[in-house]
Amino acid sequence: MDYLTILATRSLILFQSPPMVYTPPKSPPTTPTANIMLLPPESINMPLHSLLYADTDCAYFLLRHILLHSLPLPIHDSPLALGITLNDQHHDTFHDHHDVTPHDQPRPPYGRADSVGQASRELLAQAESTAWGEIDKAKKFGVALGRWFGNQRGGKGIGEDQLRGLAEKYGLGLVSV
Numbered sequence: 001m002d003y004l005t006i007l008a009t010r011s012l013i014l015f016q017s018p019p020m021v022y023t024p025p026k027s028p029p030t031t032p033t034a035n036i037m038l039l040p041p042e043s044i045n046m047p048l049h050s051l052l053y054a055d056t057d058c059a060y061f062l063l064r065h066i067l068l069h070s071l072p073l074p075i076h077d078s079p080l081a082l083g084i085t086l087n088d089q090h091h092d093t094f095h096d097h098h099d100v101t102p103h104d105q106p107r108p109p110y111g112r113a114d115s116v117g118q119a120s121r122e123l124l125a126q127a128e129s130t131a132w133g134e135i136d137k138a139k140k141f142g143v144a145l146g147r148w149f150g151n152q153r154g155g156k157g158i159g160e161d162q163l164r165g166l167a168e169k170y171g172l173g174l175v176s177v
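So in the UniProt record's numbering, spot 4 of the sequence shown is number 4, and the numbers just go up one at a time.
Below, the structure is given as structure tokens:
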């Protein structure tokens, strides 16, 4: 199979189950740096050519996917409870009909304004890091695939099993479009 055929006819499976990581016995069971944590998102297929040539659009799509399909822990701090809007345009009927200055805007209930703001920033940072991490894996796969075709072996093409093995090397799955 040649390089252009692979780009046009293959999708990568992102967010595969992460490999088990060895934790030394004396290390703490959780990382104390974040108050909230995303569960691993559902696996998703994305065209290889999009991941390689339209990474910013893919990052936005993956960020939405992560926020919609990975409920953060604890559950009450969901994206909607944190005030994270997933639409391109935010419409608020109160703000559409009233001229409100930033200090007049309503605060989250129960005095959680600061913790909610911090939690939403942490959640967005974690989701963005996760999205770009998957895109980086796809780009590394693309570089390795380009190297395959750049040396002598590339003249013969690459077999499906070799292509799958190369994707698995970067923690990705491979499917036909």
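For glycine and all other residues, C-beta sits at the position ideal for the given N, C-alpha and C.
For clarity, every value in this text was computed on a predicted model and none was experimentally measured.
Inter-residue CB distance, residue i and residue j (contact presumed, cutoff 8 Å)
i, j, result
"Gln16", "Gly142", "No, Gln16 and Gly142 are not in contact; Cβ-Cβ is about 17 Å, not under 8 Å."
"Phe149", "Tyr3", "5 Å"
"Leu14", "Ile44", "5 Å"
Same chain, Cβ closer than 8 Å to residue i, neighbours up to 5 away in sequence not counted
i, result
"Asp99", "A caution first: Asp99 carries a pLDDT of 45, below 50, which makes its placement in the model too unreliable to give a value."
"Lys140", "Tyr170"
"Glu160", "Met1"
"Ala8", "His49, Val177"
"Glu128", "Ala59, Leu63"
Simplified DSSP state of residue i, which is helix, strand or coil
i, result
"Ser43", "coil"
"Leu14", "strand"
"residue 178", "Past the boundaries of the shown model lies residue 178; the chain is included only from 1 to 177, so the question cannot be answered."
"Tyr170", "coil"
"Gly133", "helix"
"Ala54", "coil"
"Gly165", "helix"
"Ile6", "helix"
"Gly142", "helix"
"Ile66", "helix"
"Gly117", "helix"
"Gly157", "coil"
Contacts around residue i, its chain only, beta-carbon distance under 7 Å, and the 5 residues preceding and following it disregarded
i, result
"Ala131", "Ala59, Leu62, Leu63, Ile66"
"Ala167", "Leu12, Phe141, Gly173, Leu174"
Own chain residues within Cβ distance below 6 Å of residue i, not counting five before or after
i, result
"Asp55", "Ile135"
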